[in-house]
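Notes to accompany the following structure.
Protein chains: 2
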Amino acid sequence: MSYDFYMPVRVLGGESVVKTQAQRLREFGECCLIVTGGSGAKNSGALQDTQDALHSVGVAFEVFDRIEQNPQTETCRQAGEVARRCGADFLIGIGGGSALDATKAVAVFAANPELSADDIYKMQLSASPLPTVGIGTTAGTGSEVSGVSVLTDTKGVKHSIKGEQVYFKLVLADWRYTASCPYSVTVSTALDAFMHAAEGWLGPKCGEAPTAFAVMCLPILWKELKRMYKTQELPDSEQRKRLYHASLNAGFTLNQCGTLFPHQTGYILTEHYGVPHGRA
Amino acid sequence: MSYDFYMPVRVLGGESVVKTQAQRLREFGECCLIVTGGSGAKNSGALQDTQDALHSVGVAFEVFDRIEQNPQTETCRQAGEVARRCGADFLIGIGGGSALDATKAVAVFAANPELSADDIYKMQLSASPLPTVGIGTTAGTGSEVSGVSVLTDTKGVKHSIKGEQVYFKLVLADWRYTASCPYSVTVSTALDAFMHAAEGWLGPKCGEAPTAFAVMCLPILWKELKRMYKTQELPDSEQRKRLYHASLNAGFTLNQCGTLFPHQTGYILTEHYGVPHGRA
Numbered sequence: 216m217s218y219d220f221y222m223p224v225r226v227l228g229g230e231s232v233v234k235t236q237a238q239r240l241r242e243f244g245e246c247c248l249i250v251t252g253g254s255g256a257k258n259s260g261a262l263q264d265t266q267d268a269l270h271s272v273g274v275a276f277e278v279f280d281r282i283e284q285n286p287q288t289e290t291c292r293q294a295g296e297v298a299r300r301c302g303a304d305f306l307i308g309i310g311g312g313s314a315l316d317a318t319k320a321v322a323v324f325a326a327n328p329e330l331s332a333d334d335i336y337k338m339q340l341s342a343s344p345l346p347t348v349g350i351g352t353t354a355g356t357g358s359e360v361s362g363v364s365v366l367t368d369t370k371g372v373k374h375s376i377k378g379e380q381v382y383f384k385l386v387l388a389d390w391r392y393t394a395s396c397p398y399s400v401t402v403s404t405a406l407d408a409f410m411h412a413a414e415g416w417l418g419p420k421c422g423e424a425p426t427a428f429a430v431m432c433l434p435i436l437w438k439e440l441k442r443m444y445k446t447q448e449l450p451d452s453e454q455r456k457r458l459y460h461a462s463l464n465a466g467f468t469l470n471q472c473g474t475l476f477p478h479q480t481g482y483i484l485t486e487h488y489g490v491p492h493g494r495a
Numbered sequence: 216m217s218y219d220f221y222m223p224v225r226v227l228g229g230e231s232v233v234k235t236q237a238q239r240l241r242e243f244g245e246c247c248l249i250v251t252g253g254s255g256a257k258n259s260g261a262l263q264d265t266q267d268a269l270h271s272v273g274v275a276f277e278v279f280d281r282i283e284q285n286p287q288t289e290t291c292r293q294a295g296e297v298a299r300r301c302g303a304d305f306l307i308g309i310g311g312g313s314a315l316d317a318t319k320a321v322a323v324f325a326a327n328p329e330l331s332a333d334d335i336y337k338m339q340l341s342a343s344p345l346p347t348v349g350i351g352t353t354a355g356t357g358s359e360v361s362g363v364s365v366l367t368d369t370k371g372v373k374h375s376i377k378g379e380q381v382y383f384k385l386v387l388a389d390w391r392y393t394a395s396c397p398y399s400v401t402v403s404t405a406l407d408a409f410m411h412a413a414e415g416w417l418g419p420k421c422g423e424a425p426t427a428f429a430v431m432c433l434p435i436l437w438k439e440l441k442r443m444y445k446t447q448e449l450p451d452s453e454q455r456k457r458l459y460h461a462s463l464n465a466g467f468t469l470n471q472c473g474t475l476f477p478h479q480t481g482y483i484l485t486e487h488y489g490v491p492h493g494r495a
């Protein structure tokens, strides 16, 4: 088995971590743009906590809350404009995979005003992207710990950007933000995480470290999924916590090993039939 | 269990990895200083492979091979002077824990000429350390993947420097370089690795990710140690490979969780009685 490990994201997890680690946000600068899709960030309490944390350490901010499901390059470009206009030193993305993936792209557009919407796929940049902080509100996507951002181009087709410059610098992982997810989203995101770990683990590029993460999270995800199917009930707080951490560990595996054909097939279902990513 | 993960080192492992990844060295600049203790780097073949790799991608280099066991701040300061004199853009450390720890300190001295030998412990730096690449030749220290460097001060006492600036940027991990280690070194370094994983795992700060690494490497280290004691024989190549990868995984755990009192006690045995670190 080969050895290949790279995970530059600092992940800090725990209850109230946004509040207790507020000082770390200050280290990124004096002004930030919060990038979000709206409802998830608000309903989960994450948006309010983040605003409070920024206030407490004297960081000015604006909110861009127009990121859609399957974020579009043009929306990200517009958010980049807003970031430049308000003089943001860094970005905080709050939400599920869409908002987090979009934040990575907004960071590119903010620092590279000459890029047109679909130019981003070339990743020929004149300046480094702004630093980004991620705060997840769903337990599944793994976008928190991946160097990938999947974006829908101006023709409606999904492609991804990836690379060292795309990683979050810091992720604050408070499982409580996933507690407002309804049953359908909880199941579909957990399925997504399960597939990330399983596809990564079975893939040809899976070395020792990603195997360790897969072996740790697969039984947890399987057990929680089985329980949810059987009882049709939402997870309690312990189960939510387990699910969220497992989704991060699945993300580690995915990021190192890549997905296999089930994920590629899923993109087609999402693009053409509007099936949510996790379920597809 | 808490969630806290940070491991910014890119670790690439495999046979001939120094050769196959030579181009990555070029990305750090046009000139480098190789920092080593001499015998381990030479006997293992790592020094020759590195020189060949640097030649192949047109990177100029000098070699500083005077790092002693339990490296001294004054030696590291002198190596920093050499790095400046030869205009090194980056450093490559080759060896066991002593050479690797020293390289981290040389990187600090190289960029901060005003520091006297023991000033380094304050880590009040006017410039960022030079980037560093690590190539290990013993399976045990875990220095490859830690943000810590243990140095002996000008009075003969061990203290450490630590922090984000101390990590290697890249580690090239070819288990074959550990194959020239004699029996005593192989056992004592494997013991060190076992204690890293065990102390880290049992420690109060051990979260999910370091647990995954500990659970993966502890049985391997235990099994290999037992076999070595029983047969009094050196490991074969498969066993060497397992030992080296396990020592890296133990390093991940150690780095996240810290050591407990056995390691502190060991420092005293090393300082006052010259017992090698792994055995102490």
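Protein chains in written order, with our numbering: chain S, 216 to 495; chain F, 216 to 495. Even for Gly, the Cβ is constructed at its ideal location relative to N, Cα and C.
Check your understanding: The alpha helix (DSSP H) with Pro-434 of chain S in it runs from where to where?
Key -> On the first sequence, residue 434 of chain S is found 219 positions in, with the first residue counted as 1. Segment 423 to 446, the alpha helix (DSSP H) holding Pro-434 of chain S.
Exercise for review: Within 10 angstroms of the Cβ of Ser-313 of chain S, are there 16 or more other Cβ atoms? Answer buried if so, exposed if not.
Suggested key: The residue labelled residue 313 of chain S in the question sits at position 98 within the first sequence. Around the beta carbon of Ser-313 of chain S, 16 or more other beta carbons sit within 10 angstroms, so the residue counts as buried.
Practice item. With a 10 Å radius around its C-beta and 16 neighbouring C-beta atoms as the bar for buried, classify Glu-163 of chain F as buried or exposed. Key: Residue 163 of chain F is absent from the structure shown; chain F starts at 216 and stops at 495.
Review point. Which same chain residues, not among the five before or five after Thr-290 of chain S, have their C-beta less than 8 Å away from its C-beta?
Key: For the purposes of this step, residue 290 of chain S is taken as residue 75 along the first sequence, with counting starting at 1. Leaving aside the five residues that flank Thr-290 of chain S on each side, the residues in its chain whose CB is nearer than 8 Å to its CB run, in chain order, Arg-281, Ile-282, Glu-283 and Ala-317.
Check your understanding: For Glu-423 of chain F, which residues in chain S fall below 8 Å Cβ to Cβ?
Key -> As a first step, residue 423 of chain F is located in the second sequence; it is residue number 208 there, counting from the start. Per Cβ cutoff of 8 Å: Met-431, His-460 and Asn-464.
Point to revise | Gly-273 of chain F versus Glu-242 of chain F - alpha carbon distance | key: Taking the second sequence and counting its residues from 1, one reaches residue 273 of chain F at position 58. Taking the second sequence and counting its residues from 1, one reaches residue 242 of chain F at position 27. Distance between the alpha carbons of Gly-273 of chain F and Glu-242 of chain F: 11 Å.
Point to revise | Where Pro-223 of chain S meets chain F, residues with beta-carbon distance less than 7 Å | key: Within the first sequence, numbered from 1, the residue matching residue 223 of chain S stands at position 8. Taking the beta carbon of Pro-223 of chain S as reference, the chain F residues within 7 Å of it are Pro-223, listed in sequence order.
Check your understanding: Is DSSP giving Ser-259 of chain F helix, strand or coil here?
Key -> For the purposes of this step, residue 259 of chain F is taken as residue 44 along the second sequence, with counting starting at 1. Ser-259 of chain F falls in the coil class under three-state DSSP.
Exercise for review: Please compile the residues from chain S whose C-beta is within a distance smaller than 7 Å of the C-beta of Ala-388 of chain F.
Suggested key: Here residue 388 of chain F is taken as the residue at index 173 of the second sequence, counted from 1. Within chain S, the C-beta atoms nearer than 7 Å to that of Ala-388 of chain F come from Tyr-218, in chain order.
Check your understanding: chain S partners of Ala-427 of chain F, CB-CB under 8 Å?
Key -> As a first step, residue 427 of chain F is located in the second sequence; it is residue number 212 there, counting from the start. Neighbours of Ala-427 of chain F in chain S, taken as residues whose beta carbon is under 8 Å from its own, are Ala-427, Phe-428, Val-430, Met-431 and Asn-464 in chain order.
Review point. Do you know offhand how far Tyr-392 of chain S's Cα is from Ile-309 of chain S's?
Key: Looking up residue 392 of chain S in the first sequence gives position 177. Looking up residue 309 of chain S in the first sequence gives position 94. In a straight line, the C-alpha of Tyr-392 of chain S is about 10 Å away from that of Ile-309 of chain S.
Check your understanding: How many Å lie between Phe-305 of chain F and Leu-385 of chain S at the Cα?
Key -> Locating residue 305 of chain F in the second sequence gives position 90, where the first residue counts as 1. Locating residue 385 of chain S in the first sequence gives position 170, where the first residue counts as 1. Straight-line Cα distance between these residues: approximately 26 Å.
Review point. Is any beta-carbon of chain S found at less than 9 Å from that of Gly-229 of chain F?
Key: Here residue 229 of chain F refers to the residue found at position 14 when the second sequence is read from its first residue. For Gly-229 of chain F, the answer is yes, since a Cβ of chain S falls inside 9 Å of its Cβ.
Review point. Nearest-angstrom Cα distance between Tyr-221 of chain S and Val-360 of chain S?
Key: The count along the first sequence starts at 1 and reaches residue 221 of chain S at position 6. The count along the first sequence starts at 1 and reaches residue 360 of chain S at position 145. The alpha-carbon separation between Tyr-221 of chain S and Val-360 of chain S amounts to approximately 11 Å.
Point to revise | Per-residue contacts from Val-381 of chain F into chain S (C-beta, under 9 Å) | key: For the purposes of this step, residue 381 of chain F is taken as residue 166 along the second sequence, with counting starting at 1. Chain S residues near Val-381 of chain F: none, gap ~15 Å exceeds 9 Å.
**Study point:** Other residues of its chain near Phe-581 of chain S: CB distance less than 7 Å, five sequence neighbours each side excluded
**Key:** Absent from the structure is residue 581 of chain S, since the part of chain S shown begins at 216 and ends at 495.
Check your understanding: Since Cys-301 of chain S is in the alpha helix (DSSP H), which residue starts that stretch and which ends it?
Key -> Here residue 301 of chain S is taken as the residue at index 86 of the first sequence, counted from 1. For Cys-301 of chain S, no alpha helix (DSSP H) encloses it, and the DSSP letter there is neither H nor E.
Check your understanding: So, do the region 322 to 332 of chain S and the region 344 to 351 of chain S have three or more beta carbon pairs nearer to each other than 8 Å?
Key -> Counting Cβ pairs under 8 Å, three or more are found: they touch.
Check your understanding: Using the rule of at least 16 other Cβ atoms within 10 Å of the residue's Cβ for burial, across every protein chain shown, is Lys-456 of chain F buried or exposed?
Key -> Taking the first residue of the second sequence as 1, we reach residue 456 of chain F at position 241. Within a 10 Å sphere around the beta-carbon of Lys-456 of chain F sit 16 or more other beta-carbons, which makes this residue buried.
Check your understanding: What residues of chain F sit near Val-226 of chain S, judged by a beta carbon separation below 9 Å?
Key -> Taking the first residue of the first sequence as position 1, residue 226 of chain S is located at position 11. Result: Tyr-218, Asp-219, Phe-220, Tyr-221 and Ala-424.
Check your understanding: What does DSSP give as the partner residues of Asp-219 of chain F in its beta bridges?
Key -> On the second sequence, residue 219 of chain F is found 4 positions in, with the first residue counted as 1. In DSSP, Asp-219 of chain F forms a bridge with S:Leu-227.
Check your understanding: Apart from the five residues on each side of it in sequence, which residues of its chain come closer than 6 Å, Cβ to Cβ, to Ala-412 of chain F?
Key -> Counted from its first residue, the second sequence places residue 412 of chain F at position 197. Within the same chain, Ala-429, Cys-432, Leu-433, Ala-465 and Thr-468 come within 6 Å of Ala-412 of chain F by CB-CB distance, once the 5 residues on both sides are set aside.
Point to revise | Continuous beta strand (DSSP E) stretch holding Glu-277 of chain S: start and end | key: Counting from one through the first sequence, the residue named residue 277 of chain S turns up at place 62. First-last of the beta strand (DSSP E) with Glu-277 of chain S: 275 to 279.
Point to revise | Phe-276 of chain F at chain S interface by Cβ criterion, 9 Å | key: The residue given as residue 276 of chain F occupies position 61 in the second sequence. Cβ-Cβ to chain S under 9 Å: no for Phe-276 of chain F.
Point to revise | Inter-residue Cα distance where the pair is Thr-401 of chain S and Gln-266 of chain S | key: Within the first sequence, residue 401 of chain S is the residue found at index 186, counting from 1. Within the first sequence, residue 266 of chain S is the residue found at index 51, counting from 1. Between Thr-401 of chain S and Gln-266 of chain S, the alpha-carbon positions lie close to 25 Å from each other.
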